[in-house]
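The structure under discussion appears below in the form of structure tokens.
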Amino acid sequence: MIMDLAPAQIDKALARILPKVEKPGRYTGGELNQVVKDWDAISSRVALVFPDVYDLGMSNLGLAVLYDILNRQPDVLAERVFAPWPDMEAALRRDGIPLFSLETKHALRDFDLIGVSLPYETLYTNTLNLLDLGGVPLRAADRRRDDPVVIAGGHATYNPEPMAEFLDAFAIGEGEDLILEVVAAIRAWRESGQERAALHHSLARIWGVYVPSLYRAHYTEDGSLERTTALEPGIPARVIKRIVPQLPPPMTRFIVPYIDVTHNRVAVEIMRGCTRGCRFCQAGMITRPVRERSVDEIVDAIDEALRQTGYEEVALLSLSSSDFDEVLPLVRAVRQRFAGRHLNLSLPSLRIESFSVELMDLLQGESHRSGFTLAPEAATERMREIINKPVSTAQVLDTAREIYRHGWHTIKLYFMIGHPQETLEDVQAIADLCKQVLAVGREIVGGRAHVTAGVSTFVPKPHTPFQWVPCDTVEQIRAKQSLLKRSLRGPGLKLNWNHPEGTMLEAWLSRGDRRMGQVIEQAWRRGARFDAWQDHLRMDAWLAAFEATGLDPAFYTHRERPIDETLPWDHIDAGVRKAFLTEDYLWSLRGRTRVDCRERCFACGILPRFADLRRLNPGDVWECPEVRSPVRVPAEILTLTPA
Amino acid sequence: MRFTGHLDLHRTWERTFRRAALPLAYSAGFNPQPKINIGAALPLGCLSEGDLIDVWLESEVDPLQVESSLRLAAPPGIQVDEVRPIEPKEPVLQSVVRAAIFEAASPNLLSPDEMDHRIEALMQCEQLPRVRRSKSYDLRPLIEELRLDRATSKLWMRLVSREGATGRPEEVLDALGLDPTDFVIRRTGLVLSQPEVAPPPPPSP
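Sequence lines, in order, name chains G and Y.
Residue numbering for the first sequence follows my numbering, beginning at 1 and increasing consecutively.
Residue numbering for the second sequence follows my numbering, beginning at 644 and increasing consecutively.
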């Protein structure tokens, strides 16, 4: 039983526990640049939760950005809470110590708002576990006036339904502005002394906030979803995602962990969104429109962040960095400004077709040891046309040649198996392409050439043109993987792959409806934790959970959904029209591709949806065409957007 | 800070110098490393004072300026006491450190008589064969001094600290039949073969 403990008591208990757990530095806080405010003097207290271990949570840029935004507010404090590793959880439960924040060691239940970051679905059981350990009632319906308000955001929440019962609200889309409106709404509600339902109503009026308790899912006789409806007039039928019309200045005050974490570096998001339109890519669909930061702004932010942190590495992040309009000037500017400072520059997510020899020249000398990563995603041109990543095999080989020539010995090639319409020949082609790349490498660097194939398994994601297609079965995945394992043997070749069980779980959770919440809770009660960690995944717990709830896992994953079926996430509006996704899906069946939408607008729906914002933010701020003619502003935005 | 491992502490110092905008020297080669030399590794969980590090800078900087920049740049948990220039020809720190002094305190210490009894028995052993990380070694020659300070109820020990022969306080506590995780251990100083800094004197028995 979790006790009600004050920070001083928690501190005292930690002094006893920490010497006995693995990596105690995960639980101490006190790092450089953490923000500690006077708890009693602040009216809005926010716990920012990343439901995985410290090492990962501290590497998450989104959480760092929100921490910075909230703590800049004089009357708000934000503190961090991460998932305890199983040994620490056991110690906390044994002694009844509540899960606590790193900054002031307050129990999770002491906060006004708990903001949970859900970038991917396999964090769901950890989220329940955190609430339970923090002394917070699991279900939103069971929380009372004085309990914290629990809100989640992040890419996984574009299908909020599986977690609907556990959260008071979801933040759909970008949180930079939204979070402050949520904090203000909670403060006003606390001052008003009204019941929790009143808060839910006021949250539902904020653009981008989805309050699941104000909606009901209706099912047909055969168990498929009929529709999701708002329960009251005045509650929007569809929740439109939130965006910031312009990216705010990058944050620079990174907390510097004492212990080594996954990414220990300055990270700057140089661009949001992607103009390429790969059909499997959820991020590319839901982060539109594409917005870039200026080179000057990025370089100044790096300078300031280095001053604040002393970090020796900078990562320039985006979905497709080589598509950043000013990528060459940017890399040149970083090189010049920080010359002689032993600074490592990392520029992940480079696209084969926009990646130039000049850029390679500029990156030469960076992370040669860790290898150079390219993501063809599929190995036949037919398959790449289906997924709309139309790169030719010749381009892949030419790029590989330049990479080896520029001093890299290892090339990592990322692929997916399980794409729609994939045959075993397409899978065999992955092995063949890897060997061709290796052969190119051998010509240039001889026996030192290496190729690592990272082959993950495709899961059709909500809000993408592939949202209707079924997943491969475990048997299909195994057959494809064993083909790869047989073919990708020999010196210089390495194959990384994912267990099919983890893929199934990801598919259930990302494609599930509201009933999936029961399964998540049951799996958690049966011990499921850290599902994203291959060696922690407890498939037995998940299968037993499906059994206990009477739901059929195959219903969610292996069924091709009719094009007119209501999907569990249809009432969430990501800006891209369903009609566009449908058309794009039909195009994929004919192998028809689309060019980069900077060249030609395909009317995905973003512009009409956010026409007023575009008109107010003209020019290069967005990659979309300008809106000149007066366009009818969607009524939802007019009523929901504060002036 | 207390749970920062040796390698992470190294990084912490590197970043402190970078924040202080001091011209930290890096090794040559493919993977340049900052030239920072920590006198003696600290066991995880130990507090420490009177630590020593050697650092090479690329150009000469006034020690007072180094000191004040470092004080501003140091993270919580690290306090910069003193900066002193050394001659390049002086031996590296690790070869000069001979021993380290530790104090161990616990809320549930045994009675002073029982402690004295156990310490005496331990010190009378000629050998203390132990296994740590599946390597066997003899702890006894690594203990130079061990006693209970009755005034403060702390265990006081001076342990050999040379490269390849390092006495670990938690091993000593374990050898005394005590649970090291019950103790707060503090390293209070290093003993040098060419004393630059006088180690704190042992408590009077």
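In this text, a Cβ means the ideal position worked out from N, Cα and C, and glycines have one as well.
* Which residues in chain G sit within 8 Å of Glu657/Y, going by Cβ to Cβ distance? -> Along the second sequence, read from residue 1 onward, the residue named residue 657/Y stands at position 14. By Cβ distance, chain G contributes Gly310 and Glu312.
* Could one say the Cβ of Asp260/G lies closer than 9 Å to chain Y's Cβ atoms, at least one of them? -> What you label residue 260/G is simply residue 260 of the first sequence in a count that begins at 1. Among the residues facing chain Y, Asp260/G is included, as its CB has a counterpart in that chain under 9 Å away.
* Where does Asp573/G sit, in a helix, a strand or coil, going by DSSP? -> Reading the first sequence from its first residue, position 573 is the one you call residue 573/G. Asp573/G falls in the strand class under three-state DSSP.
* Does DSSP put Tyr54/G in a helix, in a strand, or in coil? -> The residue you call residue 54/G lines up with position 54 of the first sequence. The answer is helix: DSSP assigns Tyr54/G an H, G or I state.
* **9 Å Cβ cutoff, Ala15/G in contact with chain Y** => Translated into positions along the first sequence, residue 15/G becomes position 15. Cβ-Cβ to chain Y under 9 Å: yes for Ala15/G.
* Asked: Of all the options Arg478/G, Leu413/G, Asn388/G and Pro390/G, which has the alpha carbon lying nearest to the alpha carbon of Leu424/G?
  -> Position 424 of the first sequence, counted from the first residue, corresponds to residue 424/G. Cα-wise, what sits closest to Leu424/G is Arg478/G.
* DSSP three-state assignment for Tyr215/G, whether helix, strand or coil -> Working through the first sequence from its first residue, we reach residue 215/G at position 215. In the structure shown, Tyr215/G sits in a strand (DSSP, three-state: E or B).
* What are the uninterrupted segments assigned as beta strand (DSSP E) that are 3 or more residues long and contained completely in the segment 53–137 of chain G, given in chain order? -> As far as the segment 53–137 of chain G is concerned, its whole beta strand (DSSP E) runs of at least 3 residues are 76–82 and 113–117.
* Out of curiosity, what's the CA-to-CA distance linking Ile270/G and Ile298/G? -> Position 270 of the first sequence, counted from the first residue, corresponds to residue 270/G. Position 298 of the first sequence, counted from the first residue, corresponds to residue 298/G. So the alpha carbons of these two residues sit roughly 7 Å apart.
* Under 9 Å between beta-carbons, which chain G residues line up against Phe745/Y? List them in chain order, please. => Mapped onto the second sequence, residue 745/Y falls at position 102. Near Phe745/Y there are no residues of chain G at all, since even the closest Cβ is about 15 Å away, more than 9 Å.
* Is the CB-CB distance between Pro470/G and Thr557/G below 9 Å? -> Within the first sequence, the letter at position 470 stands for residue 470/G. Within the first sequence, the letter at position 557 stands for residue 557/G. Going by C-beta atoms, Pro470/G is nearer than 9 Å to Thr557/G.
* Grouping DSSP H, G and I as helix and E and B as strand, with all else coil, what is Met1/G? -> Within the first sequence, residue 1/G is the residue found at index 1, counting from 1. DSSP places Met1/G in coil when its eight states are reduced to three.
* Please confirm if Val445/G has its CB atom under 9 Å from at least one CB of chain B. => Note that chain B does not occur in the displayed structure, where the protein chains are G and Y.
* Asked: Hey, is the segment 377–386 of chain G in contact with the segment 409–427 of chain G, meaning 3+ C-beta pairs nearer than 8 Å?
  -> Taking a contact to require three or more Cβ pairs closer than 8 Å, the segment 377–386 of chain G and the segment 409–427 of chain G qualify as touching.
* Name, in chain order, the residues that DSSP records as bridge partners for Glu269/G. => Along the first sequence, read from residue 1 onward, the residue named residue 269/G stands at position 269. Leu317/G.
* To do: Write down every uninterrupted run of the beta strand (DSSP E) in the segment 191–252 of chain G whose length is 3 residues or greater and which is fully enclosed by it, in chain order.
  => 215–219 and 225–230
* **Contacts that Pro348/G makes with chain Y (C-beta to C-beta distance below 7 Å)** => Here the question's residue 348/G lines up with position 348 in the first sequence. Under the 7 Å cutoff, chain Y gives no residues; its nearest Cβ is about 20 Å from Pro348/G.
* Asked: Terminal residues of the continuous alpha helix (DSSP H) containing Gly441/G?
  -> Residue 441/G sits at position 441 when you count from the first residue of the first sequence. Taken as a continuous stretch (DSSP letters only), the alpha helix (DSSP H) holding Gly441/G covers Leu424 to Val445.
* Asked: Given 8 Å as the limit, is there contact between the segment 545–557 of chain G and the segment 158–168 of chain G, that is, 3 or more CB pairs closer than that?
  -> no
* **Own chain, CB closer than 8 Å to Cys278/G, minus 5 neighbours either side, in chain order** => Position 278 of the first sequence, counting from 1, holds the residue named residue 278/G. Once the five neighbours on either side are set aside, the close Cβ partners of Cys278/G are Gly284, Glu377, Ile387, Asn388 and Lys389.
* Asked: Looking at Leu130/G and Ala83/G, is the spacing between their C-beta atoms short of 9 Å?
  -> Position 83 of the first sequence, counted from the first residue, corresponds to residue 83/G. Position 130 of the first sequence, counted from the first residue, corresponds to residue 130/G. A contact, by the Cβ cut-off of 9 Å.
* Asked: Apart from the five residues just before and just after Arg448/G, which ones in its own chain have a Cβ nearer than 7 Å to its Cβ?
  -> For the purposes of this step, residue 448/G is taken as residue 448 along the first sequence, with counting starting at 1. Once the five neighbours on either side are set aside, the close Cβ partners of Arg448/G are His409.
* CB contact below 9 Å: Glu703/Y versus chain G -> If you number the second sequence from 1, residue 703/Y lands on position 60. No, no contact with chain G.
* Anything in chain G within Cβ reach of Asp651/Y, meaning under 8 Å, just list it in chain order. => In the second sequence, counting from the first residue as 1, residue 651/Y sits at position 8. Result: Gly25, Tyr258, Ile259 and Asp260.
* Nearest residue (CA-CA) to Ala663/Y, options Leu330/G, Gln308/G, Leu413/G and Cys624/G -> Locating residue 663/Y in the second sequence gives position 20, counting from the first residue. Closest option to Ala663/Y, Cα to Cα, is Gln308/G.
* Opposing strand residues paired with Ala47/G [DSSP bridges] -> The sequence position of residue 47/G within the first sequence is 47, counting from 1. Looking at the DSSP assignment, Ala47/G forms a beta bridge with Glu79/G and Ile114/G.
* Asked: Would you say Val834/Y faces chain G, with C-beta separation under 9 Å as the test?
  -> Here residue 834/Y is taken as the residue at index 191 of the second sequence, counted from 1. So, not an interface residue.
* Does Asn264/G have its Cβ less than 9 Å from a Cβ in chain Y? -> For this step, residue 264/G is matched to residue 264 along the first sequence. It does; some Cβ of chain Y falls within 9 Å.
* Applying a beta-carbon distance threshold of less than 7 Å, which residues of chain G neighbour Gly720/Y? -> Position 77 of the second sequence holds residue 720/Y. Residues of chain G passing the Cβ test: Gly30.
* To do: State the CB to CB distance for the pair Gly273/G and Arg291/G, rounded to an integer number of angstroms; the pair is presumed to be in contact (CB under 8 Å).
  => Position 273 of the first sequence holds residue 273/G. Position 291 of the first sequence holds residue 291/G. Gly273/G to Arg291/G, Cβ: 6 Å. Contact.
* Step through the CB atoms of chain G and report whether any lies within less than 9 Å of the CB of Ala748/Y. => Locating residue 748/Y in the second sequence gives position 105, counting from the first residue. Chain G, which has no Cβ nearer than 9 Å to the Cβ of Ala748/Y, makes this no.
* To do: Report all residues from its chain with a CB closer than 7 Å to the CB of Gly29/G; omit the five preceding and five following residues, and keep chain order.
  => Translated into positions along the first sequence, residue 29/G becomes position 29. Within the same chain, and ignoring the five residues on either side of Gly29/G in sequence, the residues whose Cβ sits closer than 7 Å to its Cβ are Leu102 and Glu103.
* Rounded C-alpha distance that separates Leu231/G from Val256/G -> Mapped onto the first sequence, residue 231/G falls at position 231. Mapped onto the first sequence, residue 256/G falls at position 256. Cα to Cα, Leu231/G sits roughly 46 Å from Val256/G.
* **chain G within 9 Å of Ser754/Y, Cβ atoms only** => Here residue 754/Y refers to the residue found at position 111 of the second sequence. Answer no: the Cβ-Cβ gap between Ser754/Y and chain G never drops below 9 Å.
* Would you decide whether Lys241/G is buried or exposed? Buried here means 16 or more other CB atoms lie within 10 Å of its CB. => Locating residue 241/G in the first sequence gives position 241, where the first residue counts as 1. Buried is the call here.
* Asked: Taking the alpha-carbon positions, what's the His463/G to Ala668/Y distance?
  -> Translated into the one-based positions of the first sequence, residue 463/G becomes position 463. Translated into the one-based positions of the second sequence, residue 668/Y becomes position 25. Distance between the alpha carbons of His463/G and Ala668/Y: 51 Å.
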